[in-house]
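Remember, this note's numbering sits 14 above the position in the sequence shown when you count from 1.
Where is the CB? At the ideal position from N, CA and C, for every residue including glycine.
Model, not experiment: these values are computed from the prediction.
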Amino acid sequence: MSAEENKALVRRLIEEVWNQGHLAVFDELYAPDFLFHDPGLPHVRTREEDKHWIAGILGAFPDFHITLDDVIAEGDQVVVRLTARGTNTGDIVAPRPHPATGKQVTITGIAIARIANGQFVEIWHQVDWLGMFQQLGLIPAPGQAG
């Protein structure tokens, strides 16, 4: 696939899976041996684990929406800089269960996707989870009483 086709695949993932919640598209877009890397996680996630995690995020933030601020492609990789927004109206299931807070969050992140044969085979992901949990009031922000 060309760099432009790879960028289009990333845009499709963001729009259809994340922004519209069409998890049925997930199996079409992700290779069976897909791996997801995030330094905030205890292990590398498989395709099914990542699908379950995305469903949990969308359940906790039904209005979750990702904006792609930058999309850069070279070879089989696409790099995105993103901003995500949502309102926590559903229970949070990970990393610890917590009832909905009703608070809005805005987080930023960067992801690198590797694509082969029209499917995602690997994603490296760096997102401001600390900032999200501070905005939700689950972790005190610097200078706040704990």
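According to DSSP, is Gly70 helix, strand or coil? Translated into positions along the sequence shown, residue 70 becomes position 56. In this structure, Gly70 counts as helix in the three-state DSSP scheme.
If contacts are defined as beta-carbon pairs under 8 Å, then Thr101 and Thr120 qualify, I think. What distance do you get, rounded to the angstrom? In the sequence shown, counting from the first residue as 1, residue 101 sits at position 87. In the sequence shown, counting from the first residue as 1, residue 120 sits at position 106. The distance from the Cβ of Thr101 to that of Thr120 is about 11 Å, inconsistent with a contact at the 8 Å cut-off.
By DSSP's criteria, Asp64 is part of a beta bridge. Which residues make up the other side? Here residue 64 refers to the residue found at position 50 when the sequence shown is read from its first residue. BP columns for Asp64 are empty, so no partner.
Top-ranked residue by Cα proximity to Phe134, from Asn33, Gln34, Val39, Gly35: Residue mapping note: residue 134 aligns to position 120 of the sequence shown, counting from 1. Just measuring C-alpha positions, the residue of Asn33, Gln34, Val39, Gly35 sitting nearest Phe134 is Val39.
Counting along the chain, where does the alpha helix (DSSP H) carrying Phe48 start and finish? Numbered from its first residue, the sequence shown carries residue 48 at position 34. From DSSP, Phe48 is part of no alpha helix (DSSP H) but of the beta strand (DSSP E) over 44–51.
For Arg5, does the count of other Cβ atoms within 10 angstroms reach 16, so buried, or fall short, so exposed? With the chain covering only 15 through 160, there is no way to say anything about residue 5.
Please state if the CB of Arg99 and the CB of Asp84 are separated by a distance shorter than 9 Å. Against the sequence shown, residue 84 aligns to sequence position 70. Against the sequence shown, residue 99 aligns to sequence position 85. Contact annotation: Asp84 and Arg99 have beta-carbon atoms that are not nearer than 9 Å.
If you draw a straight line from the alpha carbon of Asp142 to that of Gly123, how long is it in whole angstroms? Taking the sequence shown and counting its residues from 1, one reaches residue 142 at position 128. Taking the sequence shown and counting its residues from 1, one reaches residue 123 at position 109. Linking Asp142 to Gly123 through their CA atoms gives a straight-line distance of about 6 Å.
N-terminal and C-terminal residue of the beta strand (DSSP E) that Arg26 is part of: For this step, residue 26 is matched to residue 12 along the sequence shown. According to the DSSP assignment, Arg26 belongs to no beta strand (DSSP E) but to the alpha helix (DSSP H) extending over 17–26.
Give the secondary structure of Gln148 by DSSP, where H, G and I count as helix, E and B as strand, and everything else as coil. One-based indexing of the sequence shown puts residue 148 at position 134. Residue state, collapsed to three classes: helix.
Residue range of the beta strand (DSSP E) that Asp142 falls in? Here residue 142 corresponds to residue number 128 of the sequence shown, with the count starting at 1. Taken as a continuous stretch (DSSP letters only), Asp142 belongs to no beta strand (DSSP E), as it is neither H nor E.
Flag this pair as yes or no: are the beta carbons of Ala130 and Ala45 separated by less than 9 Å? As a first step, residue 130 must be located in the sequence shown, where it is residue number 116. As a first step, residue 45 must be located in the sequence shown, where it is residue number 31. The answer is yes: Cβ separation under 9 Å.
In terms of alpha-carbon separation, which member of Val58, Arg128, Ala114 lies closest to Ile71? Position 57 of the sequence shown, counted from the start, is the residue given in the question as residue 71. Closest by alpha carbon: Ala114.
Indicate the three-state DSSP secondary structure (helix, strand or coil) for Val107 in the structure shown. Indexing the sequence shown from 1 puts residue 107 at position 93. In the three-state DSSP reduction, Val107 falls in the coil class, being neither helix nor strand.
Ala108 versus Asp64, Ile137, Asp77, residue with shortest Cα-Cα distance: Mapped onto the sequence shown, residue 108 falls at position 94. Looking from the CA of Ala108, the closest CA among Asp64, Ile137, Asp77 belongs to Asp64.
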